[in-house]
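Numbering (our numbering), first residue to last: 8 to 352.
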């Protein structure tokens with residue numbers, strides 16, 4: 008073949024290769040597949056249904072752009088909902104989410120004398136917590152014999168799992184992250200779409216439902232939600248701790264008694280916080296408020312996609328102010344010195 012023809016065919020081949028590479032680069036389908044392949048968490052086959060489909064026959068009150076809560080803020084500065092009574096229609100929310108039919112997991116620890124709170128937690132949960140939805144209560148305890156039999160509605164279950172006893176209450180709360188990791192890795196991620204972490208010494212007092220659901224859910228701490236400057240939040244202030252948040256930083260102060268989210272996002276959260284707690288332990292330090300300190304550090308740099316008002320975790324010790332129209336779940340009064348292995352509040 009003449010040399011000029013060889014040169015011509017070579018250039019044609021090079022051009023075809025370059026055109027193919029350009030097509031692959033600009034083709035969005037190629038990039039989507041590549042991202043899904045490389046970014047999906049190894050533990051999960053993630054497929055969240057976020058279609059907000061409503062029954063066309065549902066009757067409900069027309070929403071308004073002019074009428075609503077004016078006494079509280081209902082959106083964060085990163086533009087996610089801050090949920091209060093009066094900011095949602097339960098009929099609309101329930102209709103939408105019942106078509107999705109999510110599976111809800113609740114994980115609690117009942118160690119030592121805290122087993123006495125299981126009955127009240129479960130019985131009140133059956134009255135107010137995601138009524139009509141599929142729910143599984145995961146109860147970690149060191150005394151399975153003291154777990155009471157409670158009648159659960161159809162589609163709702165309880166799993167009792169054994170854990171060691173503890174000499175300090177701080178050990179119990181720090182172990183919450185590890186218990187969540189264990190539950191998820193042992194199959195919770197296959198059975199449940201959402202995971203809530205809660206404290207067993209609480210009772211539900213009003214509807215706690217689908218309005219709370221989101222990818223990553225935080226709850227404002229009742230003690231710091233009004234006008235407290237962030238420099239006065241009880242963040243971990245020692246730079247030696249992995250939970251350290253410097254003065255001048257922070258959004259809100261969140262409670263560790265109620266929080267939740269998608270199971271896969273919760274796995275990332277609890278794995279991160281547990282790892283940081285273990286790093287602290289290796290360095291001979293314990294965060295000021297244990298898992299709550301690490302949770303607040305995580306939420307500072309991994310923003311919640313929904314923030315719940317203190318309606319979603321109040322305390323029977325405190326009077327209820329006017330801006331809290333309803334208390335949905337509340338920590339009950341107890342003798343800390345008597346129920347905790349090493350006393351303390």
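Ideal placement from N, C-alpha and C gives every residue a C-beta, glycine not left out.
Can you tell me which of the three DSSP states residue 144 falls into?
The DSSP-derived three-state label of residue 144 is strand.
On the DSSP letters alone, give me the boundaries of the beta strand (DSSP E) that residue 169 sits inside.
163-169
What alpha helix (DSSP H) runs, 4 residues minimum, are completely inside the stretch 56-87?
none
Proximity winner among 168, 141, 162, relative to residue 152 (alpha-carbon distances):
168
Cβ atoms of residue 262 and residue 378: under 8 Å apart, would you say?
This structure leaves residue 378 out entirely; the chain is present only between 8 and 352.
Does the Cβ of residue 353 have 16 or more other Cβ atoms within 10 Å, making it buried, or fewer, making it exposed?
The structure shown does not extend to residue 353, since the chain spans only 8 to 352, so no value can be given for it.
Can you name the residues that DSSP bridges to residue 335?
Residue 335 pairs with nothing; no bridge assigned.
contact_flag[the stretch 186-196, the stretch 273-291] where n(CB pairs < 8 Å) is 3 or more
yes
Provide the residue(s) that pair with residue 321 in DSSP beta bridges, ordered along the chain.
337
Quick test of the definition: if touching needs 3 or more C-beta pairs under 8 Å, does the stretch 131-144 touch the stretch 221-229?
no
Would you tell me roughly how many angstroms separate the C-alpha atoms of residue 296 and residue 129, rounded to the nearest one?
27 Å
Residue(s) in a DSSP beta bridge with residue 117:
For residue 117, DSSP records a beta bridge to 148.
What did DSSP end up calling residue 285 once you bin it into helix, strand or coil?
helix
In this structure, does DSSP put residue 313 in helix, strand or coil?
strand
By alpha-carbon positions, which one of 228, 111, 230 ends up nearest to residue 196?
Of the candidates 228, 111, 230, the one whose C-alpha sits nearest the C-alpha of residue 196 is 111.
Residue 225 lies in the beta strand (DSSP E); which residues open and close that run?
223-226
Would you kindly report the start and end of the unbroken alpha helix (DSSP H) that includes residue 308?
297-308
So, is residue 305 buried or exposed, given that buried needs 16 or more other C-beta atoms within 10 angstroms?
buried
Cβ neighbours of residue 100 in the same chain (closer than 6 Å, five flanking residues each side left out):
217, 218
Rounded C-beta distance between residue 79 and residue 330? I'm assuming under 8 Å.
5 Å
Do you know offhand how far residue 57's Cα is from residue 200's?
A straight line joining the alpha-carbon of residue 57 with that of residue 200 spans about 12 Å.
Any contact between the stretch 232-241 and the stretch 160-167? By contact I mean 3 or more CB pairs, one from each, below 8 Å.
no
Taking the alpha-carbon positions, what's the residue 103 to residue 60 distance?
5 Å
Between residue 246 and residue 87, how many whole angstroms is the CB-CB distance? I'm expecting something under 8 Å.
In fact, because the Cβ distance is near 30 Å, the residues do not count as touching under 8 Å.
Since residue 227 and residue 268 are thought to touch, with beta carbons under 8 Å apart, how far apart are those beta carbons, to the nearest angstrom?
Not quite, the Cβ-Cβ distance comes to about 16 Å (not below 8 Å), so this is no contact.
Can you name the start and end residues of the beta strand (DSSP E) that residue 267 belongs to?
265-269
Spatial neighbours of residue 211 in its chain, beta-carbon cut-off 6 Å, leaving aside the 5 residues before and after:
Closer than 6 Å at Cβ, skipping near neighbours: 131, 132, 135, 136, 336.
Can you name, in chain order, every residue of its own chain whose Cβ lies under 8 Å from the Cβ of residue 235, other than the five neighbours on each side?
260
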